[in-house]
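Below is one structure, written out as structure tokens; the observations come after it.
There are 4 protein chains.
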Amino acid sequence: MLANDRTADKRLRIIQAAIAVFSRKGFHKARVEEIAEEAEVGKGTVYEYFASKKELFLEMIFYAHQKYREFLEQELSKAKTFYDGLQRLFEVTMQFMQRHKEMALVLMADHPMIDEEIHKALRQKEQEQLRFMTGILQDVTRRGEIRPVNLQAAIMVIFGTLYLINGQIVFCDKTQEPDFKQLSQDAIDILMHGLAVK
Amino acid sequence: MLANDRTADKRLRIIQAAIAVFSRKGFHKARVEEIAEEAEVGKGTVYEYFASKKELFLEMIFYAHQKYREFLEQELSKAKTFYDGLQRLFEVTMQFMQRHKEMALVLMADHPMIDEEIHKALRQKEQEQLRFMTGILQDVTRRGEIRPVNLQAAIMVIFGTLYLINGQIVFCDKTQEPDFKQLSQDAIDILMHGLAVK
Amino acid sequence: MLANDRTADKRLRIIQAAIAVFSRKGFHKARVEEIAEEAEVGKGTVYEYFASKKELFLEMIFYAHQKYREFLEQELSKAKTFYDGLQRLFEVTMQFMQRHKEMALVLMADHPMIDEEIHKALRQKEQEQLRFMTGILQDVTRRGEIRPVNLQAAIMVIFGTLYLINGQIVFCDKTQEPDFKQLSQDAIDILMHGLAVK
Amino acid sequence: MLANDRTADKRLRIIQAAIAVFSRKGFHKARVEEIAEEAEVGKGTVYEYFASKKELFLEMIFYAHQKYREFLEQELSKAKTFYDGLQRLFEVTMQFMQRHKEMALVLMADHPMIDEEIHKALRQKEQEQLRFMTGILQDVTRRGEIRPVNLQAAIMVIFGTLYLINGQIVFCDKTQEPDFKQLSQDAIDILMHGLAVK
DNA sequence: TATGAATGAGGGTTCATTCAT
DNA sequence: AATGAATGAACCCTCATTCAT
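Protein chains in written order, with this note's numbering: chain A, 1 to 198; chain B, 1001 to 1198; chain C, 2001 to 2198; chain D, 3001 to 3198.
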């Protein structure tokens, strides 16, 4: 069984090693060899599963996105009201970021300065996400849970807030971490006020 | 004075070349030689003014930050009310981003994945900015222009929104640019609702 | 016997695949895996039959040499006169080169720049060939079919000519192929004049 | 002056080092670093002068070709008769090969198995050479120095012979070198008999 | 016997930095 | 002060070979 364990999903082991190393060093400073070591496989083995460093990076991002999406959608599906959904969105996202800071770093790694080509691939994933969220907002507006507003503007406000809070979680010095639970609740409060019907 | 002028001029030319090249290629793919060419100086000259590529990058960021700050503070000082100030903040920022997309890219380049050391240096600048903004929010709260809320939460909401809209401006396909003026106004509206006294 | 047949068959299939791939890609750029695929066997199987890529290359060359020698000697044995033999030598060689351009490329692959070790091994085969041909020339000289000349010089002239014509066949652009039949006949003519008794 | 010497024509030093190393190791096994060492320059310096290993190889070949051509044409221009010219051709070529065995190896390095792309580039140089020689043969035929024969066939005979003799010079074991002077004279004799008017 | 997943040595190339002029 | 030729450390990727099944 041990052999099995070792063989089993070497691909996954490499992706997880990639998450660790890329989030530690960044795309350009991470060495493929280091990822291989972290995954406890040979350097050549990485190339059995991924055509290049860049492809590994992208597949790693897709993997992290998917994990987050799975986590998120499961939680959102339980939401009864918009307020409930908003809370779950923030809570589940922050939880994910806190539990998987490495993945979080990777999920937030979307700047042309990292790599133009990678950036473009990520923009697509993001567009998907935005369309999904716009759909939800349309529903809740129709149901009268929030007042009719420019949905794109609403998305900017909600996800901008979420993004910045996550940035705090991920980037903040351990020493001066604020109370994120409270912070997010207060931010949600402002958002709800902003979007409330009356 | 002439020598001094020339020196100052050369330094500035290098910084501006750095803005152009770094925003085009990203930190790691930009080559010092290319920056030197863009600045029309010799490669060695760059090292007369900046100790390393990384230091040049940081000084370039500081320069862009400063330009933005100057632009911003001048505008904010004219604001009479919080709403006015919020509008000026969004307008001036978006204008800056649109006019100087290169600088904008550079200002948003703050992710450990680009370079851990650079990231740390930038966190400081950001903290400054946040303290400045917290001060303003304290004032307007005291003056009763907005209801008393967790100021850090307010900052997350405001600057998250601003950040995401700017991201749209800077990263969006030219072909499908939304109406940013409208988008920002609608977002401000939501924010004002969220923060309004009643 | 069946197992034996299969074994012999597999070995031969690998050699023929090697001829195809090595002549297509050259020694260094050919990959063992590609040869295995062409032979429709596993990569490891190649190593069951040949100790290394280099040994496979050599055995492939020996195989091609042998095929050519068989082809040639059968034909030369029918020759009644030196002129007849010379014509058969040229004809049969050119036919072989045209029919088996791949093998031809491989037979002409004898340059230290390809691989010093391989080169040395091939020099031996060549020496054999030269001794064989010298023997024939001695006979025809003794029989008075050609005038007495430095036999080594005669070999240089004959085989140099043959070599260059074959080079034309093998390397020439398909688009501007000369009439090789005529070319070789005219070259033989010059050679015969050069070696004729009177 | 020493500094000057060291700086002067670093490019040439690299080409000469390339001749030494490529002829010793062959194209694929030669390491750029070794060439750099032989030229007493840094590895990076090679890339200041040549875009790639392959380009260096080609420029090296062109250099050797040119040196040989210069050497040859100077000598051929002095020839009064075809026989004289033929002797000079053989003599000068063999001398060149003996004096510059390394360059000789490099000049004879023209097989698709070394590198398809390099091979193609070299075919061109060869075509040039052949056209030049065909021109000379036309002249001597017109002048009645040799009987009218298929010129291409004549070229095959002459250059095939020359090629094989050079091969002997370059590739032969030092221990059993024949008398090349005699060998070439005897071969020329056969050629002249073959091409003579009567 | 046959296989192909795993390996890691090896090398071409890039580019930040230095330093002699 | 200004330059750019020279440098070599660093790193991605290839592929011959091995070996457990």
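Beta carbons are placed, not taken as given, at the ideal position from N, Cα and C, and that holds for glycine.
Which residues, in order along the segment 1135 to 1150 of chain B, keep a beta-carbon less than 9 Å from a beta-carbon of chain A?
-> Arg1147, Val1149, Asn1150
Which residues, taken in chain order from the segment 3101 to 3123 of chain D, show a beta carbon closer than 9 Å to some beta carbon of chain C?
-> Leu3105, Val3106, Met3108, Ala3109, Asp3110, His3111, Pro3112, Met3113, Ile3114, Asp3115, Glu3116, His3119, Arg3123
Out of C:Asp2186, C:Gly2194, C:Arg2011, which has the shortest C-alpha to C-alpha gap to glutamine 2087 (chain C)?
-> Locating residue 2087 (chain C) in the third sequence gives position 87, where the first residue counts as 1. Nearest C-alpha to glutamine 2087 (chain C): C:Asp2186.
From glutamate 3075 (chain D) to valine 2032 (chain C), what distance separates their C-alpha atoms?
-> Residue numbering aside, residue 3075 (chain D) sits at position 75 when the fourth sequence is read from its first letter. Residue numbering aside, residue 2032 (chain C) sits at position 32 when the third sequence is read from its first letter. Those two C-alpha atoms are separated by around 48 Å.
Residues in the segment 1044 to 1063 of chain B having any Cβ partner in chain A nearer than 7 Å | none
Run of the alpha helix (DSSP H) containing histidine 3119 (chain D), from where it starts to where it stops | Against the fourth sequence, residue 3119 (chain D) aligns to sequence position 119. Element bounds for histidine 3119 (chain D): 3116 to 3142.
Measuring CB to CB, does methionine 113 (chain A) end up less than 7 Å from glycine 1026 (chain B)?
-> Mapped onto the first sequence, residue 113 (chain A) falls at position 113. Mapped onto the second sequence, residue 1026 (chain B) falls at position 26. Cβ distance < 7 Å, so methionine 113 (chain A) and glycine 1026 (chain B) count as in contact.
May I have the straight-line CA-CA distance separating arginine 123 (chain A) from glutamate 116 (chain A), to the nearest angstrom?
-> Here residue 123 (chain A) is taken as the residue at index 123 of the first sequence, counted from 1. Here residue 116 (chain A) is taken as the residue at index 116 of the first sequence, counted from 1. Those two C-alpha atoms are separated by around 11 Å.
Please classify valine 2041 (chain C): does DSSP put it in a helix, a strand, or coil?
-> Locating residue 2041 (chain C) in the third sequence gives position 41, where the first residue counts as 1. Coil.
Given that valine 2032 (chain C) touches chain D, what residues does it touch there, using C-beta distances under 8 Å?
-> If you number the third sequence from 1, residue 2032 (chain C) lands on position 32. None at all; the shortest Cβ gap to chain D is about 15 Å.
Relative to chain D, which residues along the segment 2151 to 2165 of chain C have a C-beta separation below 9 Å, given in chain order?
-> Gln2152, Ala2153, Ala2154, Ile2155, Met2156, Val2157, Ile2158, Phe2159, Gly2160, Thr2161, Leu2162, Tyr2163, Leu2164, Ile2165
Chain C within 7 Å of alanine 3039 (chain D), Cβ atoms only | On the fourth sequence, position 39 is the one that residue 3039 (chain D) refers to. Taking Cβ atoms only, chain C never reaches closer than 7 Å to alanine 3039 (chain D), which makes this a no.
Determine the chain C residues that contact leucine 3191 (chain D) at a beta-carbon separation under 7 Å, and present them in chain order.
-> By 1-based counting over the fourth sequence, the position of residue 3191 (chain D) is 191. Those within 7 Å of leucine 3191 (chain D) in chain C are Val2157, Gly2194.
Indicate, with yes or no, if the ligand GTP has a heavy atom lying under 6 Å from the CB of threonine 1134 (chain B).
-> Summarising the ligand content, the structure contains no ligands, and the ligand GTP is consequently not present.
CB-CB length for alanine 39 (chain A) against histidine 1111 (chain B), believed under 8 Å | Here residue 39 (chain A) is taken as the residue at index 39 of the first sequence, counted from 1. Here residue 1111 (chain B) is taken as the residue at index 111 of the second sequence, counted from 1. The pair is not a contact, with the Cβ atoms about 24 Å apart (cut-off 8 Å).
Give a yes or no on whether 7 Å exceeds the smallest Cβ distance from phenylalanine 1090 (chain B) to chain A.
-> By one-based count along the second sequence, residue 1090 (chain B) stands at place 90. With 7 Å as the cut-off, phenylalanine 1090 (chain B) does not count as an interface residue toward chain A.
Under 7 Å Cβ to Cβ from asparagine 3004 (chain D), same chain only, skipping five residues before and after it: list those, please.
-> For this step, residue 3004 (chain D) is matched to residue 4 along the fourth sequence. Because the pLDDT of asparagine 3004 (chain D) is 48, which lies under 50, any placement of that residue in the model is unreliable, and the number read from its coordinates should be weighed accordingly. Cβ within range, chain order: n/a, list empty.
When the Cα atoms are used, what is the spatial distance from arginine 1131 (chain B) to alanine 1121 (chain B)?
-> Taking the second sequence and counting its residues from 1, one reaches residue 1131 (chain B) at position 131. Taking the second sequence and counting its residues from 1, one reaches residue 1121 (chain B) at position 121. In a straight line, the C-alpha of arginine 1131 (chain B) is about 16 Å away from that of alanine 1121 (chain B).
Distance between glutamine 3016 (chain D) and lysine 2181 (chain C) (C-alpha atoms, nearest Å) | In the third sequence, residue 2181 (chain C) corresponds to position 181, counting from 1. In the fourth sequence, residue 3016 (chain D) corresponds to position 16, counting from 1. So the alpha carbons of these two residues sit roughly 42 Å apart.
What is the DSSP secondary structure of serine 2052 (chain C), reduced to helix, strand or coil?
-> As a first step, residue 2052 (chain C) must be located in the third sequence, where it is residue number 52. Coil, per DSSP.
Cα-Cα separation between glutamate 1102 (chain B) and leucine 1151 (chain B), rounded to whole angstroms | For the purposes of this step, residue 1102 (chain B) is identified with residue 102 of the second sequence, where counting begins at 1. For the purposes of this step, residue 1151 (chain B) is identified with residue 151 of the second sequence, where counting begins at 1. Distance between the alpha carbons of glutamate 1102 (chain B) and leucine 1151 (chain B) is about 31 Å.
Cβ-based burial, arginine 13 (chain A) [other Cβ within 10 Å; buried from 16] = Here residue 13 (chain A) corresponds to residue number 13 of the first sequence, with the count starting at 1. Arginine 13 (chain A) comes out buried.
Since arginine 24 (chain A) is in the alpha helix (DSSP H), which residue starts that stretch and which ends it?
-> For the purposes of this step, residue 24 (chain A) is taken as residue 24 along the first sequence, with counting starting at 1. Run containing arginine 24 (chain A): 10 to 25, per the alpha helix (DSSP H) assignment.
Whole-angstrom distance between histidine 28 (chain A) and histidine 1028 (chain B), CA atom to CA atom | Numbered from its first residue, the second sequence carries residue 1028 (chain B) at position 28. Numbered from its first residue, the first sequence carries residue 28 (chain A) at position 28. Distance between the alpha carbons of histidine 1028 (chain B) and histidine 28 (chain A): 7 Å.
Residue-level contact to chain B via CB, alanine 17 (chain A), 7 Å cutoff | Taking the first sequence and counting its residues from 1, the one referred to as residue 17 (chain A) is at position 17. Not one chain B Cβ lies under 7 Å of alanine 17 (chain A).
Is isoleucine 188 (chain A) helix, strand or coil when you go by DSSP?
-> Within the first sequence, residue 188 (chain A) is the residue found at index 188, counting from 1. Of the three classes helix, strand and coil, the one that applies to isoleucine 188 (chain A) here is helix, per DSSP.
Spell out whether any CB of chain C is found under 7 Å from the CB atom of leucine 3086 (chain D).
-> Translated into positions along the fourth sequence, residue 3086 (chain D) becomes position 86. No, leucine 3086 (chain D) lies away from the interface with chain C (no Cβ there is under 7 Å from its Cβ).
What residue does the alpha helix (DSSP H) around asparagine 2150 (chain C) start on, and which one ends it?
-> Mapped onto the third sequence, residue 2150 (chain C) falls at position 150. Looking at the DSSP string, asparagine 2150 (chain C) is not in any alpha helix (DSSP H), and its letter there is neither H nor E.
Quick one: grab the DSSP three-state call for glutamate 1033 (chain B).
-> As a first step, residue 1033 (chain B) is located in the second sequence; it is residue number 33 there, counting from the start. Looking at glutamate 1033 (chain B) - three-state DSSP - the assignment turns out to be helix.
Please decide whether phenylalanine 1180 (chain B) counts as near chain A, where near means a Cβ-Cβ distance under 7 Å.
-> The residue you call residue 1180 (chain B) lines up with position 180 of the second sequence. Answer no: the Cβ-Cβ gap between phenylalanine 1180 (chain B) and chain A never drops below 7 Å.
When the cut-off is 7 Å and only beta carbons count, does phenylalanine 132 (chain A) lie next to chain B?
-> The residue given as residue 132 (chain A) occupies position 132 in the first sequence. For phenylalanine 132 (chain A), the answer is no, since every Cβ of chain B falls outside 7 Å of its Cβ.
Just how far apart, CA to CA, sit threonine 3209 (chain D) and isoleucine 3155 (chain D)?
-> This structure does not reach residue 3209 (chain D), given that chain D is present from 3001 up to 3198, and the question cannot be answered.
Mind checking if leucine 3183 (chain D) is an interface residue toward chain C, Cβ cutoff 7 Å exclusive?
-> Along the fourth sequence, one-based indexing puts residue 3183 (chain D) at 183. Closer than 7 Å to some Cβ of chain C, the Cβ of leucine 3183 (chain D) qualifies, so yes.
Given that a residue counts as buried once 16 or more other Cβ atoms are within 10 Å of its Cβ, and exposed if not, what is serine 3184 (chain D)?
-> Reading the fourth sequence from its first residue, position 184 is the one you call residue 3184 (chain D). It is buried - the Cβ of serine 3184 (chain D) has at least 16 other Cβ atoms within 10 Å.
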